[in-house]
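Chemist: Okay, here's the structure, questions in a sec.
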Amino acid sequence: MRPASTKHWPLGQDAPAPAHKTTMPEPRFLQIRQADAEAERDAARRALMAPRATIAPRYFYDALGSLLFEAITALDEYYPTRTEAAIFARHGAAMAQAIGAVSTMIDLGAGSCAKAARLFPLLEPAHYVAVDVSVEFVRDALRRLQREHPHIEMTALGMDFSASLELPAEIVRGQPLFFYPGSSIGNFTPDEALAFLRRIHDRAQDGALLIGVDLVKPRQVLEAAYDDALGVTAAFNLNALRHLNRVIGSDFDTAQWRHVALYDAPASRIEMHLQARAPLCVRWSGGQRRFAEGERILTEYSCKYEPDVFAALLRDAGFGRVRCWRDDADAFAVFLART
Ligand code: AVJ
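Position 232 of the sequence shown, counted from 1, bears residue number 309 in this note's numbering, the numbering being contiguous throughout.
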């Protein structure tokens, strides 16, 4: 609370609202529950028991993991975030021109909503839908954004859109623009990516998809981006074990695991693993698994694409018109795909 006697407001702060009541629009919050918690725990335990153990990438993103990812985006080695931002800054107006009127902008994995917000002045969507696994993740960001853009109708939709894209019917009206930046599509294998893009296509009506894609480049550049000198990505990867411990009650000790990031050139993907430093046994209620020294748990694929290959994937998914904008070094691409 500000003292009542203050006459000058500190720089960057708003003067208090006038005493008369103003009606500010409020964002809408919707949470859709797909799998129940027990089914999720079951899937996580089964993945650990598989001959080649895996942990799904979404276990990176608890509260600490989300902060660690934010930190990753600020690392010198991690070029995707700043490169994509530069592409939007330079070509955003051309993209908006090509997109035309946007009735609903559907932001898949919205997080802080910052990337979409930077495009609001250009795209001027009538309705903005921030989709994330949990409405909690987007709640504060959306409230703030709603105050800055009172004319845009805003909805937060909590759902795991990678499992299902069944958006509530009242959400998608007119021409939707699906927005999927950051090269998160890289977490899918190319087959899964195709299936996911098809689902978007089938819901896009006569709208479009604006999607960020990381491109194939030399191994040293890619491996440094996923194994930085400060060890932030290592912490991000290891944190999945802490998260999993809370979810399934396992007793992973992060000190016994090593972060590994390798580029598989034939598959054009970065693979992140956690490698056992010694022979060890991990227990949880109702199960356990032994790991030999050096044995690995796969935690993430981050697939990289040649621009032509990704354009072909979009066409396979049913998109008829595809455009692409890149940075000067061809490190990253933003595609606009129309139905
Ligand atoms: C959020 C999936 C796009 O693959 O580059 C960053 C996640 N993993 N460093 C990526 C990530 C390790 C990131 N995506």
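In this text, a Cβ means the ideal position worked out from N, Cα and C, and glycines have one as well.
Computed from a prediction, not measured in an experiment: that's the story for all the values here.
DSSP has Arg366 in a bridge; who is on the other side?
Modeler: Paired residue(s): Val359.
Chemist: Give me, in chain order, the residues of the same chain whose beta-carbon lies closer than 8 Å to that of Gly363; leave out the 5 immediate sequence neighbours on both sides.
Modeler: Only residues of its own chain outside the window of five on either side were considered, and among them Arg122 have a CB closer than 8 Å to the CB of Gly363, listed in chain order.
Chemist: The ligand AVJ and Ile149: does the residue's C-beta get closer than 6 Å to at least one heavy atom of that ligand?
Modeler: yes
Chemist: Pick helix, strand or coil for Gln333, following the three-state DSSP scheme.
Modeler: Gln333 falls in the helix class under three-state DSSP.
Chemist: Note down the Cα distance separating Cys401 from Asp328, rounded to an integer number of angstroms.
Modeler: 46 Å
Chemist: On the DSSP bridge assignment, give the partners of Leu185 in chain order.
Modeler: Val208
Chemist: Where Trp86 and Glu225 are concerned, what is the direct C-alpha to C-alpha distance, given to the nearest angstrom?
Modeler: Confidence in Trp86 is poor, its pLDDT being 42 and thus under 50, which makes the residue's placement unreliable; the coordinate value appears in the next sentence. Spanning the two alpha carbons is a distance of roughly 19 Å.
Chemist: Let me know the beta strand (DSSP E) ranges lying completely inside the region 248-298, each 3 residues or longer, listed in chain order.
Modeler: Taken in chain order, the unbroken stretches of beta strand (DSSP E) that lie wholly in the region 248-298 and span 3 residues or more are 253-257 and 285-291.
Chemist: At a threshold of 6 Å, does Tyr303 count as lining the ligand FMN (C-beta to nearest heavy atom)?
Modeler: Among the ligands modelled here, namely the ligand AVJ, the ligand FMN does not occur.
Chemist: Would you kindly report the start and end of the unbroken beta strand (DSSP E) that includes Gln111?
Modeler: First-last for Gln111: undefined, no H or E at that position.
Chemist: Does Ala166 come within less than 7 Å of chain B when only Cβ atoms are used?
Modeler: This model lacks chain B altogether; it includes just one protein chain.
Chemist: Rounded to whole angstroms, what's the CA-CA distance from Pro295 to Val309? Just pull it up for me.
Modeler: 21 Å
Chemist: My output table needs one value for Phe396: the three-state DSSP class, helix, strand or coil.
Modeler: coil
Chemist: Look up Asp217 in the DSSP assignment and say whether it is helix, strand or coil.
Modeler: helix
Chemist: Just the Cα atoms here: how many angstroms apart are Leu351 and Ala311?
Modeler: 9 Å
Chemist: Tell me where the alpha helix (DSSP H) around Thr232 begins and ends.
Modeler: No alpha helix (DSSP H) holds Thr232; the beta strand (DSSP E) holding it covers Glu230 to Gly235.
Chemist: Whose C-alpha, out of Gln333, Ala218, Ala203 and Ala240, is nearest the C-alpha of Lys192?
Modeler: Ala218
Chemist: Hey, how far is the Cα of Thr181 from the Cα of Gly259?
Modeler: So the alpha carbons of these two residues sit roughly 20 Å apart.
Chemist: Taking Ala332 as the reference, which of Pro343, Arg319, Ala338 and Ala344 has the closest Cα?
Modeler: Arg319
Chemist: Just the C-alpha distance for Met78 and Thr100, rounded to the nearest angstrom, thanks.
Modeler: Since pLDDT at Met78 reaches only 37, below the 50 mark, its modelled position is unreliable, and the value read off the structure follows with that caveat. Distance between the alpha carbons of Met78 and Thr100: 21 Å.
Chemist: For Ile176, does the three-state DSSP call read helix, strand or coil?
Modeler: helix
Chemist: Using three-state DSSP, classify Thr416 as helix, strand or coil.
Modeler: Three-state DSSP puts Thr416 in coil, outside helix and strand.
Chemist: Is it buried or exposed for Leu59, if we count other Cβ within 10 angstroms and need 16 for buried?
Modeler: In this structure the chain extends from 78 to 416, so residue 59 is not present and cannot be described.
Chemist: Near Arg105, what residues of its chain come up, given a Cβ to Cβ distance below 6 Å and the 5 sequence neighbours on each side ignored?
Modeler: Thr232
Chemist: In the DSSP assignment, find the unbroken beta strand (DSSP E) run with Ser379 in it and report its ends.
Modeler: Arg373 to Cys380
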